[in-house]
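Its first residue numbered 1, the sequence shown is counted upward by one per residue in the numbering used here. Data block below; observations after.
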Amino acid sequence: MGEPRRFSVHLALGGGPVADVLLWKKKYQSALLLVSSTVLWLLFERVGYNLLSFISNVLFLLVIILFFWAKSAALLNRPLPPLPNLEVSEEIVVKAADEMRICVNHALSIAHDIAIGGNLRLVGQLAIGLWVISYIGSSFSFLTLIYICALLCLSLPVVYDKYQTMIDDKLNVAYKIARIQYRMIDENVLSKISVLQSKEKKTQ
């Protein structure tokens, strides 16, 4: 038997510059992202620097630098600062609004299934998901959680791309075990509750 076909992590991440950074194909940009996220996390979480003060100071410093750059360029006959066209195009706004509309409609359909449809499995999945989010939120602060996500984004794709076959085998075994456990819970608990609910509706 031949070697199983490898899944392209680079294409799954979009195949663009973002994928290159996450897979450390552009080592300078990847290292810069890692160092900057670590510095920001240390500033806000360990040193106790205020986010609003940090943004204000950075913007103030940027405005001062650009102002004196433009003034010196006019006096010394030098080129102006290379600023891009600072405007948001209508296409970007429409695309963002369309994506937001899809997400909101999906969330509303799930809420409808829970509130009106009485989908017990969906309620169970939602309860477990919210409990996991609540547990994670009580264990880490928001900035720490963002920093952990940044570290995972810079490490997991590289590890999976390198050890893809081994990880897929382990995940397949874990998936089979999880399906067996879910089937047991479904047969012993969820199906009985659904039968009881249907009987109650018939009696009513």
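Ideal Cβ placement from N, Cα and C applies to all residues, glycine included.
Cβ distance (whole Å) where F140 is taken to contact I148 below 8 Å: 7 Å
With a CB to CB cut of under 6 Å and the five nearest residues on each side skipped, what residues in its chain are close to K26? D20
The alpha helix (DSSP H) with R179 in it runs from where to where? Q164 to I185
Counting Cβ pairs, one atom from each stretch, are 3 or more of them under 8 Å apart for the segment 145 to 159 and the segment 27 to 44? yes
How many Å lie between T165 and L171 at the Cα? 10 Å
Should L156 be labelled buried (16 or more other beta-carbon atoms within 10 Å of its own) or exposed? exposed
For V21, does the three-state DSSP call read helix, strand or coil? helix
Quick one: Cα of A150 to Cα of N77, how far? 43 Å
Please classify L43: does DSSP put it in a helix, a strand, or coil? helix
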